[in-house]
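Asker: Starting off with a structure, shown below.
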Amino acid sequence: MLRVLIVEDDPMVAELNRRFLEKLDGFTLSSIVNNGKDALSFLEDNTVDLVLLDVFMPGMNGLELLSAIRRQQYGIDVILVTAARDKQSVQSALRQGAVDYLIKPFEFERFKSALTGYKQRLKFIEQQEQLSQPALDTQIFNQLTPSETNELPKGLDQHTMRRVWKCIVKNQEDFTAETMAETVGLSQVSMRKYLKYLTSIELLTVNVCYGSIGRPISKYHYNILKTNPFFMQ
């Protein structure tokens with residue numbers, strides 16, 4: 001479980017962030033504090049993985065707290081959750097290593113995208129001994145691969161592709177070609193063609209595992225870091 005500290009001086013916003021966080025798997029709330037000084041005191045005595053940080057707070061503001069966290073060299077990631085939308089605040093946050101920046105007000109889906117994307121990046125890195133440039137580009141920095149053009153391969157229909165992708169995004173769980181074919185209403189042969197293409201442009205990853213009788217089963221995993229493919233635009 002990833003331990004999260006919420007630093008927010010508005011009780012209503014802090015409560016909203018807490019409720020949003022409770023909806024997500026893999027995260028646990030360590031504490032809620034309403035100012036930078038108390039946040040630093042908490043971090044001195046407790047291990048935290050992620051801070052959800054407001055900017056506008058009395059005393060030490062969020063960016064000053066972020067600077068203090070970096071000076072202390074805590075191994076902590078920070079996501080800004082703030083009404084600050086000026087260029088200077090955004091630049092300061094990014095230069096100090098903020099992993100995301102949410103501008104209030106925001107919807108749950110944006111909050112979910114920020115935290116689940118962060119969790120998936122951590123998981124991906126932890127599973128690697130060494131990382132290649134293509135892996136960094138697609139899994140960490142969300143760059144398009146050269147093979148991801150604005151045209152589907154011959155034999156794939158855009159309307160059907162959208163149906164397939166919507167089902168994948170909605171479920172966000174590992175699946176097989178058989179289960180997805182049944183969900184969408186396609187033949188397994190056709191579904192495998194769509195999944196093969198989505199895997200080739202790294203919107204999906206595939207792992208082969210073996211059942212009780214040794215038959216290989218391909219399970220597909222949704223890459224949450226790439227959420228707006230060209231065929232959905």
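Numbering (UniProt numbering), first residue to last: 1 to 233.
All C-beta atoms in this analysis are idealised placements derived from N, C-alpha and C, irrespective of residue type, glycine included.
1) How far does the alpha helix (DSSP H) with K170 in it reach, from first residue to last?
2) On the DSSP bridge assignment, give the partners of D100 in chain order.
3) Inspect the beta-carbon positions of A177 and L152 and report whether they are closer than 8 angstroms.
4) Cα separation between V13 and F106?
5) Bridge partners of I32, per DSSP?
6) Over the uninterrupted alpha helix (DSSP H) stretch that includes I201, give me the two end residues.
7) Nearest-angstrom Cα distance between H221 and V99?
8) Between I217, D25, K219, M232, which lies nearest to G117 when the distance is taken from Cα to Cα?
9) With 16 other CB atoms within 10 Å as the buried threshold, where does residue 234 fall?
10) So, D174 versus K119, is the Cβ gap smaller than 8 angstroms?
11) Need the endpoints of the beta strand (DSSP E) that K219 sits in, please.
12) Measure the alpha-carbon distance for S30 versus V4 and round it to whole angstroms.
13) If contacts are defined as beta-carbon pairs under 8 angstroms, then V78 and L66 qualify, I think. What distance do you get, rounded to the angstrom?
14) Contact check, I32 vs E64 under 8 angstroms by CB: the rounded distance?
15) If you drop the 5 nearest sequence neighbours on each side, which residues of the same chain put their C-beta closer than 6 angstroms to that of D49?
16) With L52 as the anchor, note down where its beta strand (DSSP E) starts and where it stops.
17) How many Å lie between T160 and P11 at the Cα?
18) Closest to L80 by C-alpha separation, out of N17, K193, F124, Q130, would be which residue?
19) Can you give the Cα-Cα distance for S92 and K112, rounded to whole angstroms?
20) For the candidate residues I125, G155, L156, D38, whose alpha-carbon lies nearest to that of F141?
21) Given V164, which residues of its chain have a CB within under 6 angstroms of its CB, disregarding the five upstream and five downstream residues?
22) Buried or exposed: F20, going by 16 or more other Cβ atoms within 10 Å of its Cβ?
Answerer: Reading off the structure:
1) In the DSSP assignment, K170 falls within the unbroken alpha helix (DSSP H) covering 158-171.
2) In the DSSP output, where bridge partners are listed per residue, D100 has I79.
3) No, the Cβ-Cβ distance between A177 and L152 is not below 8 angstroms.
4) Their backbone Cα atoms lie some 11 angstroms apart in a straight line.
5) I32 has I6 as its beta-bridge partners, per DSSP.
6) Going by DSSP, I201 is part of no alpha helix (DSSP H) at all; its letter is neither H nor E.
7) If you draw a straight line from the Cα of H221 to the Cα of V99, it is about 23 angstroms long.
8) When each option's Cα is compared against that of G117, the closest is D25.
9) Outside the modelled stretch of the chain, which goes from 1 to 233, sits residue 234, for which no answer is possible.
10) Remark: C-beta atoms of D174 and K119 do not approach each other more closely than 8 angstroms.
11) Element bounds for K219: 216-222.
12) If you take the alpha carbons of S30 and V4, they lie about 5 angstroms apart.
13) The beta-carbon distance between V78 and L66, rounded to whole angstroms, is 6 angstroms. This is short enough to meet the 8 angstroms contact definition.
14) Not really, about 19 angstroms apart at Cβ, beyond 8 angstroms.
15) Taken in chain order, the residues that qualify are L2, R3.
16) First-last of the beta strand (DSSP E) with L52: 50-53.
17) Cα to Cα, the separation comes out at about 45 angstroms.
18) Closest by alpha carbon: N17.
19) Between S92 and K112, the C-alpha separation is close to 24 angstroms.
20) For F141, the nearest C-alpha among the options comes from I125.
21) By the criterion of a C-beta distance shorter than 6 angstroms, V164 is surrounded in its chain by V184, Y194, once the five residues flanking it on both sides are discounted.
22) Label assigned to F20: buried.
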